[in-house]
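Below: the structure, in structure tokens.
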Amino acid sequence: MLPAVAAASPALSQLPRQHHLGRRFHLWCHRLLPATPTKASCGAGRAGRRLLIASAFASGDGPSRQDVEYSAGATGSGSAYLGLFVRWLGLDNDPHDREHAVCTLYQYSLGGRKSIDEIMQFPGCIVLITSLLKLESTRACEAAAGLLRNITSVPIYRKMAIESGAMEEIISLLCKSTITPEMMEQCLCTIWNFSIDDNWRYKILASDFLSKIVSYLDEEDIKVKEAAGGIISNLALSPSNHGALVEAGVIPKLVHFLQTKEDDYKIIRKEAKSSLVLLARDDYYHSIIIEEGLVRVPLVGSTAYKAFKPLPHSWPSFPDGSEIQRSSHPSKYGATELLLGLSVNEKDTKPNQAKINAMIGRSNQQFLARVGAIELDDEGNEQSGSENNDLYTILPWVDGVARLVLILGLEDVSAIKKAARAIGDASIHEHMRTSFKEAGAVKPLLQLLKHNDVPVREAAAYALEKLSVSSTICQKAKEEGGLELLVNTVKDPNTPVKQLEKIIYILSRMFDMGISMVAAPERYAHEDVTSAERSIQGDTDNGSSAISHTFENQEMASELILDFDAISRLTKVLKEAPPSLQAKVCCILEHLAPSEQHATAMTATSIGSVIEAILEIGVIHGTRADSEDFDNLPSVATEEVSQAVSAAARLLTKLLNFDLFVRSINSEKFTSLLRRMLKTSFPLQSKDWLAACLVKLESRAGLSGNHGVSSIDMEITIYQTIPRLVEQMMTSFSFEKKRSAVIELNKIISSGVLEYTRAVADTGGIFPLVKMLEEGDGGALEATLAILYNLSMDPENHPAIVAAGAVPLLKRIVLAEGPHWTNAIQLLRTLPVWYPGSR
405 MLPAVAAASP
415 ALSQLPRQHH
425 LGRRFHLWCH
435 RLLPATPTKA
445 SCGAGRAGRR
455 LLIASAFASG
465 DGPSRQDVEY
475 SAGATGSGSA
485 YLGLFVRWLG
495 LDNDPHDREH
505 AVCTLYQYSL
515 GGRKSIDEIM
525 QFPGCIVLIT
535 SLLKLESTRA
545 CEAAAGLLRN
555 ITSVPIYRKM
565 AIESGAMEEI
575 ISLLCKSTIT
585 PEMMEQCLCT
595 IWNFSIDDNW
605 RYKILASDFL
615 SKIVSYLDEE
625 DIKVKEAAGG
635 IISNLALSPS
645 NHGALVEAGV
655 IPKLVHFLQT
665 KEDDYKIIRK
675 EAKSSLVLLA
685 RDDYYHSIII
695 EEGLVRVPLV
705 GSTAYKAFKP
715 LPHSWPSFPD
725 GSEIQRSSHP
735 SKYGATELLL
745 GLSVNEKDTK
755 PNQAKINAMI
765 GRSNQQFLAR
775 VGAIELDDEG
785 NEQSGSENND
795 LYTILPWVDG
805 VARLVLILGL
815 EDVSAIKKAA
825 RAIGDASIHE
835 HMRTSFKEAG
845 AVKPLLQLLK
855 HNDVPVREAA
865 AYALEKLSVS
875 STICQKAKEE
885 GGLELLVNTV
895 KDPNTPVKQL
905 EKIIYILSRM
915 FDMGISMVAA
925 PERYAHEDVT
935 SAERSIQGDT
945 DNGSSAISHT
955 FENQEMASEL
965 ILDFDAISRL
975 TKVLKEAPPS
985 LQAKVCCILE
995 HLAPSEQHAT
1005 AMTATSIGSV
1015 IEAILEIGVI
1025 HGTRADSEDF
1035 DNLPSVATEE
1045 VSQAVSAAAR
1055 LLTKLLNFDL
1065 FVRSINSEKF
1075 TSLLRRMLKT
1085 SFPLQSKDWL
1095 AACLVKLESR
1105 AGLSGNHGVS
1115 SIDMEITIYQ
1125 TIPRLVEQMM
1135 TSFSFEKKRS
1145 AVIELNKIIS
1155 SGVLEYTRAV
1165 ADTGGIFPLV
1175 KMLEEGDGGA
1185 LEATLAILYN
1195 LSMDPENHPA
1205 IVAAGAVPLL
1215 KRIVLAEGPH
1225 WTNAIQLLRT
1235 LPVWYPGSR
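Taking our numbering, the leading residue of the sequence shown gets 405, the next gets one more, and so forth.
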């Protein structure tokens, strides 16, 4: 029985506020039940009380949370009242009573943890609350969702809510078309609470509800956006969810929020940044984020920036070190150095957009560093549980690039290392590499190669290796004296292997500037073997055009790499390195080989035996007959070996210009290896260099006997020239290239060597030749008919010629009675489908 209200109670207006609320609750109960229960009132029972309370709710006189809370504190019977409201949630009660009860409990739950604990002391209440989500009443559903939101904010009740099926009901409610923004907010915040626990995140993804959550980021209600962003931020805490999040398209939406400057978006910006930082841990997703215009920047602590001291300049300069040109029209008021805009109108001094962005970024970051606001001490607290305590933030690329370069100039070793690695990670395309160059990153990175800390040197080498993909970066590094610094690093015996590998990659790219690596294959593509031999011999006598083209680069290298130690170190690396690195070392040595002094040093280091070992490995990898496990070899490994073999062949070709080297090697052994490799399954591009090297080796060594020139010419023609010409007919989009390939192939076939005809058929040349019957005319058509006629002399080729559709095309040529119809009818008569009189 509810307690009665004393008749002598003071007036409500004279009571304190809290006491007033409690008295109001007692008076409300007093109106429902008389102070002295009568027989009739007792007989009314539960149904009568429910009817009275329902009418009181309907009139707006129901208790608030403060009423019930004060009554519980004043009389100790508040739990009894809460129990009454929980009982009214039952399915056997009137829907209106259930609605009013859940609204009251929701108001009471807003009191915090203590209020929620009092509600949850009644077993089964959370099941009753969950069942209310199915009611048609919008008010009841919203209150039930809000009550679940408050309950699930307490960790110990979260599991109970999951087991009661609350998440499934919440998701079903969100799928309704009649859901209101308020109800949507409460439901999403409840799921936000569930997503805090790693054990329940999989349920959100397993429900196929992720795309729906992502779509809520486009809602107009800011509260709904915040709740959806919070769910995504929690889901991103589990790396296993990253793939699903990216596939759902969260990155562009999160980037949009992060770039929005409105004050209302403060919370969603924080959640978006947290999610992007977590997604950026994966290299692929980091690349997508960079494509959207953001950069990941390490948080190094505000203390590290105290060492920042802007360098004084008598005249301002761009971030990359280049000076701003002085105006040719100085101010008569003496303000020329202050008003730099006076020279902007001059075309020669107008900076490009990249320089402007670099200046803006540098100004912003240096200003923040000077005022101590560049990094707040609590900025990375939300990532405190991240691995290795490596905390990051996400910035627009203009500010991010400038801050990374600024960190390179600090004294904190850990900060410098993180910034250098972040620069390497962000250098994924030319735009970012150019941005770092304009921001002045190249010079400090080169200087860090001399740093006392080994991890810092390795991080700087990593960043330069990523940046050096750009030719403009290589040129900038040369201007900053980087070539000499890199070569000295190679000569240093204390340089770690990892750093040395990256330095070699950088040097190979710097030497490759302005060099056409396909010059030789393109030359051989338009000449026969004899002319190729003559061309190579001409290179020996008169100097290669490629060498002349890069004479200045080699002359610079000659001034720097003059000692035996550097070449000895490179030769040692070439001997022990994996194939991918071997190709880069060969590239460097190839550019040094034209110098007799360098070639002599290479000969002294027994480089011939190293090249021989590379070719032997290539034979094993490229020949199926010599390797039982060839099919199990990864294609990437085979490709790397072929590149190393091709680079070794180019180096060998250059070294064959010197008699000292030729006398130091076993020419017959090299010839045998090169001939065997022509028969391997390596790409044709590698075989082009092998063929050129084989011709050069034969001409220099003057071999005779079993390895005659004619035999070598035949093998080169079969395994390199004919496959290349057939591939040119099959893949080229230019008719002129196809025409030249057919004519050259006809010259080879007309020599009468049976093996040449078989090589054309074995490499799949029949189908492109038949195609030329339809496309060709004049000399190309005549050459095609001649080749097909030679092929038809072997009955084994007849099915392929017929299957390629040659018969209808040949009949069309015959009926047209053009200049080559007699050749066409001769070819028709050799095929089994020809019958006399069919013309």
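Don't be surprised by glycine CBs; every beta carbon is placed ideally from N, CA and C.
The structure displayed is predicted, hence computed values, not measured ones.
Could you pull the DSSP bridge partners for residue i from this structure?
i    : result
L577 : The partner list for L577 (beta bridge, DSSP) is empty, contrary to what the question assumes.
Y510 : Y510 is not bridged to any residue.
Y606 : Answer is none; Y606 lacks a bridge partner.
P800 : L698
Within a Cβ cutoff of 6 Å, which residues of the same chain sit near residue i, ignoring the five residues on either side of it in sequence?
i     : result
K751  : Summary for K751: the model assigns pLDDT 48, below 50, so the residue's position carries little reliability, and this model does not support an answer.
W1093 : S1050, A1053 and R1054
S839  : V805
S872  : C878, I910 and R913
A684  : H690, I693 and R700
A708  : L814, D816 and A819
K1142 : M1133 and S1136
Q525  : none
F613  : I575
L1077 : L1019
Taking 7 Å as the limit between beta carbons, can you name the residues of its chain near residue i, skipping five residues before and five after?
i     : result
S1090 : S1046, V1049 and S1050
A1228 : L1189, L1214, I1217 and V1218
N1201 : A1165, I1170 and L1195
L890  : I907, I910 and L911
T1057 : A1096, C1097 and K1100
K821  : P859, V860 and A863
L658  : A676, S679 and L680
Ordered along the chain, which non-local residues of its own chain (more than five positions away) have a Cβ less than 8 Å from that of residue i?
i     : result
L1232 : V1211, L1214, K1215, V1218 and W1238
L577  : L537, C545, A549, I583, M587 and C591
So is residue i buried or exposed if we call it buried at 16+ other beta carbons inside 10 Å?
i     : result
P438  : Caution applies to P438, whose pLDDT of 37 falls short of 50 and renders its modelled position unreliable; the value that the coordinates give is listed next. By the neighbour-count rule (16 or more Cβ atoms within 10 Å), P438 is not buried but exposed.
E624  : exposed
G550  : buried
N856  : exposed
R517  : exposed
P559  : exposed
V1174 : buried
G1012 : buried
S679  : buried
P1223 : exposed
M1176 : buried
G886  : buried
A444  : Here the model assigns A444 a pLDDT of 36, short of 50, so the residue's position is not dependable and the matter cannot be decided.
R774  : exposed
E1159 : exposed
P900  : exposed
E589  : buried
Among the options, which one has its Cα closest to the Cα of residue i?
i     : options                       : result
I692  : L537, V506, D829 and K979     : D829
E1119 : L1098, Q1132 and F1139        : L1098
I1018 : Q986, T556, T1009 and S999    : Q986
D1117 : R1128, M587 and E1102         : E1102
H1025 : T1084, F968, L488 and S999    : T1084
D1063 : R1104, P1087, F1086 and A1095 : R1104
K882  : N898, A864, V846 and E862     : V846
K854  : V894, S1144 and H833          : V894
F1000 : E695, E980 and L1060          : Before going on, a small fix: residue 1000 reads as Glu here, not Phe. Nearest C-alpha to E1000: L1060.
G515  : L495, W492, L493 and S557     : S557
K880  : L812, G844 and P1203          : G844
A1187 : A1145, H833, L641 and E1221   : A1145
S1138 : F661, G1180, K629 and I1069   : G1180
V1014 : A1220, P982, H995 and L850    : P982
Answer yes or no: the CB of residue i versus the heavy atoms of the ligand SAH, is any distance below 8 Å?
i     : result
L1101 : Although the ligand SAH was asked about, the structure shown includes no ligands whatsoever.
Q) Hey, is the segment 641 to 654 in contact with the segment 754 to 774, meaning 3+ C-beta pairs nearer than 8 Å? A) no
Q: Please confirm if the segment 570 to 584 is in contact with the segment 624 to 636, defined as three or more CB-CB distances below 8 Å between the two stretches.
A: no
(Q) Under 8 Å: do the segment 491 to 510 and the segment 534 to 548 share three or more Cβ pairs, one atom per stretch? (A) yes
Q: Decide yes or no for the touch test of the segment 695 to 713 against the segment 797 to 804: beta carbon pairs closer than 8 Å, at least 3 of them.
A: yes
Q | Contact the segment 633 to 640 vs the segment 593 to 606: 3+ CB pairs below 8 Å | A | yes
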